[in-house]
Amino acid sequence: MENDSKYTKDFVLKNGVNFDDLWFTSYSDEILDNPEDEGGKPFTGLAFELYENGNLIYFCFYKDGLAHGLNREFYESGKIKCEEYFKYGLVNGKSICWHENGNVKSTSEVELSIELNYKEWDANGKLIMEKELEQDKENTQYAILLTRREINRNLGR
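Encoded structure:
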């Protein structure tokens, strides 16, 4: 996935904004740089949250108030827990999570926040689950995906 050395804790703390200093709009999940009643604008940049021990809980890039780019979550120990990518507020692309021992926990391909496929392993590396999205218009998740594709086409995304 992303180059681990590029987004160190120091880089994130230096270049990011603590999520506690950002605001949600009253009408959506959009993130603002200031409260609405103080003229808050949609936030663009890197945001993060910290555990009480000072380690990162996660960091995520935002564009125009929506998650857009890399989102990386961490265990309290500081080890990477999950990585996924957002596009206009929806998960898009490969998602991977690890057990705290470093073994892969799960992988998935996601389009517009709908899982196309998913694999999960136990902490010892044994595959315990594998599934794919049924591409049938009667399948609610597939129908949602088709609708989101159409909306994104209409928006030029």
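Numbered continuously in the numbering used here, the sequence shown closes out at residue 168. Beta carbons: idealized from backbone N, C-alpha and C, even for Gly.
**Request:** Give the DSSP-derived three-state secondary structure of ALA154 in the structure shown.
**Result:** helix
**Request:** Please report how far the alpha carbon of LEU157 lies from the alpha carbon of ASN64, in whole angstroms.
**Result:** 43 Å
**Message:** Considering just the uninterrupted stretch of the beta strand (DSSP E) at ASN114, what are its terminal residues?
**Reply:** No beta strand (DSSP E) contains ASN114, which DSSP labels as neither H nor E.
**Request:** Check each candidate in LEU67, TYR38, PHE85 and LYS74 and name the one with the smallest Cα separation from PRO53.
**Result:** LYS74
**Request:** Could you say if the stretch 45–60 and the stretch 115–128 meet the contact criterion of at least three C-beta pairs nearer than 8 Å?
**Result:** no
**Prompt:** Which residues in the same chain have their Cβ closer than 7 Å to the Cβ of PHE30, if we skip the five residues on either side of it in sequence?
**Reply:** ALA58, PHE59 and GLU60
**Message:** Taking its Cβ as the centre, do 16 or more other Cβ atoms sit within 10 Å of SER16, making it buried, or is it exposed?
**Reply:** exposed
**Message:** Rounded to the nearest angstrom, what separates GLU145 and THR19 at their Cα positions?
**Reply:** 39 Å
**Item:** Continuous beta strand (DSSP E) stretch holding LYS170: start and end
**Value:** As shown, the chain starts at 12 and ends at 168. That puts residue 170 outside it, with no answer to give.
**Request:** Would you kindly work out how many angstroms separate the C-alpha atoms of ASN165 and ASN150, rounded to a whole number?
**Result:** 23 Å
**Prompt:** What's the C-alpha gap between PHE22 and LEU81?
**Reply:** 14 Å
**Request:** Put GLU122 into one of helix, strand or coil per three-state DSSP.
**Result:** strand
**Contacts around MET140, its chain only, beta-carbon distance under 6 Å, and the 5 residues preceding and following it disregarded** = GLU131
**Distance between TYR62 and GLU87 (C-alpha atoms, nearest Å)** = 7 Å
**Bridge partner(s) assigned by DSSP for TYR129** = SER119 and LYS142
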